[in-house]
Amino acid sequence: MKISKSKLLSFITCPEKYYLGYELNVRPAKTPSDLIIGSSTHHLIASHYIRERAGEPCDLQEFLAHFWSRYRLDNTDFLTREDLEAGMHQSLEFARLFLSETDFEPLEVEYRFSLPVVNVKTGEVIPDLELTGIIDLIDRIDGKSRAIEIKTKSRRPDGFQAEMSMELTCYAYWLRFLDDSETIPVSYVNIVKNRKPYIHWQNQERSTEDFVDLFHTIKTVAQNISDGRFYKNPGVHCNWCDYKPVCSKDVDAVKERFSGETIETLQDQGLIQV
Ligand code: SF4
């Protein structure tokens with residue numbers, strides 16, 4: 000079994016969300032505009048560094064046009080053509096801001112990892128399980144490899160979020176196998192979407208105790224998934240969950256958000272009566 004960082008975080012937020020998204024493959028018919036803008040920004044930044052490392056020129060406008068060619072009003076939640084074009088230009092503006100305000104010489108760009116899950120204190124390994132994910136950028140600081148995660152945020156995030164971030168712990172866990180250091184540096188570089196967007200750094204470190212906690216969390220989540228134990232964990236996060244109409248049995252909103260085939264799946268599972 001492979002468990003991606005995204006699946007792990009989804010299960011921890013709400014097991015029902017994981018079940019709907021990854022077990023039933025229920026996805027909204029239209030890709031959310033914020034997700035597209037964030038993905039486009041990542042794509043432009045990654046393309047810049049990949050071209051730079053290859054010693055080739057990078058025309059961001061060309062990458063932008065290619066990335067957005069798959070999006071239209073009927074497969075996104077942009078309301079108008081003008082909104083879609085504004086989103087496209089916003090992502091270019093964010094990528095240019097990032098590239099002009101940061102000074103990276105990345106060793107790796109969009110690095111895929113897949114690792115066994117090991118208790119770094121006792122050596123216990125969870126059999127037949129791998130943790131997978133993609134690190135946006137890896138650079139070196141003070142002689143150590145550092146994982147960088149780029150985020151687009153609507154407001155300045157608080158420090159607690161980065162301190163507790165399991166996402167950053169997953170990245171550090173991978174880097175630990177590269178460097179074998181006591182502490183591993185990890186950072187969020189946030190592009191904050193204010194009226195005047197700006198870059199905000201959150202620098203963190205992870206160490207052995209964090210990796211032991213991660214081991215126990217992954218072990219519990221993997222066991223729950225194998226046993227089919229899924230349950231709702233309602234909270235403030237429901238406000239930005241794709242499945243809120245399903246959980247609140249809002250039939251009209253379900254019809255608006257999901258395609259006919261997906262609605263059939265939800266009906267078959269007894270999750271909604273249309
Ligand atoms: S709406 Fe809330 S309870 Fe329902 S799946 Fe989403 S996070 Fe879980």
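Quick note, the sequence shown lines up with residues 0 to 273 if you use numbering that gives the first Met the number 0.
Don't be surprised by glycine CBs; every beta carbon is placed ideally from N, CA and C.
Cβ shell of residue i (< 7 angstroms), same chain only, five flanking positions each side left out
i, result
"Ser3", "Thr131 and Gly132"
"Glu104", "Asp138"
"Gly234", "none"
"Leu270", "Val245"
"Ile49", "Val108"
"Met0", "Asp127, Leu128 and Ala221"
Inter-residue spacing [alpha-carbon to alpha-carbon] between residue i and residue j
i, j, result
"Glu55", "His65", "18 angstroms"
"Pro336", "Ala53", "Residue coverage of the chain in this structure runs from 0 to 273, which leaves residue 336 outside it and unanswerable."
"Cys246", "Leu265", "11 angstroms"
"Asp157", "Tyr17", "26 angstroms"
"Ser46", "Phe62", "8 angstroms"
"Thr30", "Asp251", "18 angstroms"
"Tyr242", "Asp76", "15 angstroms"
"Ser32", "Lys254", "19 angstroms"
"Met87", "Gly37", "10 angstroms"
"Asp178", "Ser68", "40 angstroms"
"Ala200", "Gly259", "With the sequence shown as reference, residue 200 is identified as Trp, and Ala is not the correct amino acid for it. Rounded to the nearest angstrom, the two C-alpha atoms are 43 angstroms apart."
"Val116", "Ile125", "6 angstroms"
"Thr101", "Leu43", "14 angstroms"
"Tyr70", "Thr207", "43 angstroms"
"Leu72", "Ile262", "21 angstroms"
"Ser5", "Met165", "10 angstroms"
"Arg228", "Val185", "32 angstroms"
"Asp82", "Leu174", "40 angstroms"
"Glu181", "Leu34", "35 angstroms"
"Lys248", "Val25", "15 angstroms"
Residue of the options minimising C-alpha distance to residue i
i, options, result
"His41", "Leu96, Ser68 and Val116", "Leu96"
"Arg155", "Lys120, Val191 and Arg80", "Val191"
"Asn118", "Ile271, Lys218 and Gln272", "Lys218"
"Gln203", "Ile35, Ile147, Leu72 and Glu22", "Ile147"
"Arg194", "Gly259, Met0, Asp251 and Glu92", "Glu92"
"Gln268", "Met0, Phe10, Leu19 and Pro14", "Leu19"
"Lys120", "Tyr48, Val211 and Asn223", "Val211"
"Asp141", "Ile183, Val124 and Ser113", "Ile183"
"Glu123", "Asn232, Thr261 and His215", "His215"
"Leu98", "Leu59, Glu81, Ser113 and Gly227", "Leu59"
"Glu22", "Asp249, Val273, Phe176 and Ser225", "Ser225"
"Ser90", "Ala171, Asn24 and Pro196", "Pro196"
"Ala94", "Ile134, Leu114, Ile198 and Asn24", "Ile198"
"Leu114", "Met163, Asn24, Asp135 and Tyr172", "Tyr172"
"Tyr110", "Asn74, Asn223 and Tyr170", "Tyr170"
Residues near residue i by beta carbon distance below 6 angstroms, same chain, minus five either side
i, result
"Thr168", "Arg205, Asp209 and Leu213"
"Lys152", "Asn189 and Val191"
"Asp150", "Looking at the sequence shown, residue 150 is not Asp but Lys. Within the same chain, Lys150 has close Cβ partners Tyr187 and Asn189."
"Tyr230", "Pro14"
"Asn232", "Cys13"
Cβ shell of residue i (< 8 angstroms), same chain only, five flanking positions each side left out
i, result
"Leu106", "Ile137, Asp138, Arg139 and Ser144"
"Arg256", "Pro27, Ala28, Lys29, Asp241 and Pro244"
"Val220", "Ile2, Leu7, Phe10 and Ile11"
"Asn238", "none"
"His236", "Thr12 and Cys13"
Residue i CB to nearest heavy atom of ligand 1 below 7 angstroms
i, result
"Thr121", "no"
"Tyr242", "yes"
"Pro27", "no"
"Glu22", "no"
"Thr12", "yes"
"Lys248", "no"
"Lys6", "no"
"Glu255", "no"
"Pro31", "no"
"Leu19", "yes"
"Glu15", "yes"
"Asn118", "no"
"Pro105", "no"
"Pro233", "yes"
"His236", "yes"
Residue i: CB within 7 angstroms of a non-hydrogen atom of ligand 2
i, result
"Ser68", "Inclusion of ligand 2 in the displayed structure is not the case, the ligand content consisting of ligand 1 alone."
Unbroken stretches of the alpha helix (DSSP H), 4 residues or longer, contained in the stretch 78 to 127: Fully enclosed alpha helix (DSSP H) runs of 4 or longer: 80 to 100.
4-residue-minimum alpha helix (DSSP H) runs that sit fully inside the stretch 192 to 237, ordered along the chain: Here the runs fully enclosed are 207 to 225.
Inside the stretch 20 to 59 only - alpha helix (DSSP H) runs reaching at least 4 residues: Correct list: 32 to 52.
Runs of beta strand (DSSP E) lying entirely within the stretch 125 to 174, each at least 3 residues, in chain order: Within the stretch 125 to 174, complete beta strand (DSSP E) segments of at least 3 residues are found at 143 to 152, given in chain order.
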